[in-house]
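Going line by line, the protein sequences match chains A and B. In this text, residue positions in the first sequence follow the working numbering: the first is 3, and each later residue adds one. In this text, residue positions in the second sequence follow the working numbering: the first is 3, and each later residue adds one. Even for Gly, the Cβ is constructed at its ideal location relative to N, Cα and C. Bear in mind that the values here come from a model prediction, so they are computed numbers and not experimental data. Okay, structure first, notes after.
Protein chains: 2
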Amino acid sequence: MAELAARTDLSVPTIKYYLREGLLHPGQAVGATRSSYDDSHVRRLRLIRALTDVAHLRLDTARAVLAEVDNAANWHDAVGSAHRRLVAPVEQPPSDDSLARVQALLDRNGWTLLPDNPLRENLARALDALSELGQLVDDELLDTYAAAMKSVARVEIRGIAQEDPETAAQHAVIGTLLLEPVLLSIRRIAQQNTARALMDGRAARTARG
Amino acid sequence: MAELAARTDLSVPTIKYYLREGLLHPGQAVGATRSSYDDSHVRRLRLIRALTDVAHLRLDTARAVLAEVDNAANWHDAVGSAHRRLVAPVEQPPSDDSLARVQALLDRNGWTLLPDNPLRENLARALDALSELGQLVDDELLDTYAAAMKSVARVEIRGIAQEDPETAAQHAVIGTLLLEPVLLSIRRIAQQNTARALMDGRAARTARG
């Protein structure tokens, strides 16, 4: 177990805790007090660490996600069911107006969602929260997001669909979660650079005045 | 205060708590035990609720973000300083390899970041976490993200830059945070629809045999 700790940068008490909690499968017993662990344990521990450290999931959410990874029948199911686990339930029902705007967005893009898919209510609730703060999200911005995410999803899903079903299911879940910080970091870099370019452009026009 | 609670869907004890903690500015005293509150209090409470409920910030992080909103000199500063507050410090330094990949991505896109900008390390660390799990993020995906986020940032920043500086500063912070769930929901909708289209296409090809 000391070797396992060294290979995963985790402490022995932490690994014992994950074993007790059933997040990590037991090693093979060798003698009365020793067990042997293999690469599958290393991979699993790195996955747990990534879900908690990088994706900042709470341990009970991480547990639910790991169960999806273990049980997914194929990569297509894994995408949908992982999303279902990861969507926090909305505390307040969204307004009819925002629900209608979400439906219009789906229609404009030829997208469908099952009626009980929680993404619909989540997106509508996020629009409500912004409009309560006086920050209306116009359709131009929603359509810009939709076009951008279509090109993103095409590349993301193409990679997953080429793999064998088990690896693909695992990657669907990991990728959904762990690529979010990558995408959002790049969004912020783009925002800062766009803002600076716009400020510099105005300053130059004023100077030329 | 009962009226304030009704207008914001918050409980009176919660509002008293925000007053004690200094997140909400005091009302105007009218008599010994009563205070009067105005629209500025309603707006502030809705903002606090949005940061904690929709953006899922912890209260100490929400407090730091509110301080940025209150102190931002202009919308350009607000974008950068809000990001700085919102980036969680990395627990482990990123690998040189990932840092080099981030720099190459910046160079390919004509982007710059100050050397101490935490986004650089955060993005590199997220790439490390994925590669430790055997999920290599190739440059094609990074470039797809960069192109998508450029078109997104152009529309987002254009809206902000048209406003007066104070409103713009507030919107820069709110927009960065509260538009993230909107963008990520749309990404998941796009992923599910792309996955289904790909599965259906394969099934149809198999059936035609």
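Note that the C-beta distance between Gly29(B) and Ser37(B) is below 7 Å. Taken through DSSP and simplified to helix, strand or coil, Ala31(B) comes out as strand. Asp118(A): not part of any alpha helix (DSSP H); DSSP gives it neither H nor E. At a cut-off of 7 Å between C-beta atoms, Val157(B) counts as an interface residue with respect to chain A. Under DSSP, Ser37(A) shares a beta bridge with Ala31(A).
Look at Asn111(A) here: in three-state DSSP terms it is coil, with no helix or strand label. In the three-state reduction of the DSSP assignment, Ser13(A) falls in the coil class. The beta-carbon of Val154(B) is placed less than 7 Å from the nearest beta-carbon of chain A. Straight-line measurement puts the Cα of Asn73(A) at about 41 Å from the Cα of Leu135(A). DSSP places Thr63(B) in the uninterrupted alpha helix (DSSP H) bounded by Leu61 to Asn73. Around the beta carbon of Pro183(A), 16 or more other beta carbons sit within 10 angstroms, so the residue counts as buried.
When C-beta atoms of the stretch 100-114 of chain B are compared with those of the stretch 58-71 of chain A, fewer than three pairs fall below 8 Å, so the two segments do not count as touching. In the structure shown, the three-state DSSP call for Ser153(B) is helix. Contact between Ile188(A) and Ala148(B) holds: their C-beta atoms lie close to 6 Å from each other, under 8 Å. Ile176(A) belongs to the set of residues whose beta carbon lies under 7 Å from a beta carbon in chain B. Thr54(B) and Leu180(B) have their C-alpha atoms roughly 10 Å apart. Ala155(B) is positioned such that its CB atom lies no closer than 7 Å to that of Val154(A). By the neighbour-count criterion, in which 16 or more other beta carbons inside 10 Å mark a residue as buried, Ser100(A) falls on the buried side.
Note on geometry: alpha-carbon atoms of Ala192(A) and Arg207(A) lie some 22 Å from one another. Scanning Arg51(B), Arg9(B) and Arg22(B) for the CA closest to the CA of Tyr39(B) turns up Arg9(B). In terms of Cα proximity to Gln137(A), the closest of Asn119(B), Leu49(B) and Glu5(B) is Leu49(B). Cβ atoms of Ala126(A) and Ala52(B) stay farther apart than 8 Å, at about 15 Å.
Distances from the alpha-carbon of Asn195(A) to those of Leu115(B), Met201(B), Arg60(B) and Ile176(B) put Leu115(B) closest.
The beta carbons of Leu121(B) and Arg190(A) sit closer together than 7 Å. For Ile17(B), there are no neighbours in chain A by C-beta distance under 7 Å, as the nearest C-beta there is about 16 Å away. The beta carbon of His43(A) sits closer than 8 Å to those of Leu6, Leu26, His27 and Gly29, all from its chain and outside the five residues before and after it, given in chain order. In the three-state scheme derived from DSSP, where H, G and I count as helix and E and B as strand, Gln105(A) is classed as helix. By a beta-carbon distance limit of 8 Å, Ala197(B) contacts Ile159(A). Their separation comes to about 5 Å. In this structure, DSSP gives His43(A) a helical state, which the three-state scheme calls helix. With a cutoff of 7 Å on beta-carbon distance, Val14(A) and Val175(A) are scored as not near each other. Of all alpha-carbon atoms in Gly203(A), Arg204(A), His173(A) and Thr178(A), the one lying nearest the alpha-carbon of Arg45(A) is that of His173(A).
Inter-residue distance for Pro96(A) and Leu200(A) is about 35 Å (C-alpha atoms, whole angstroms).
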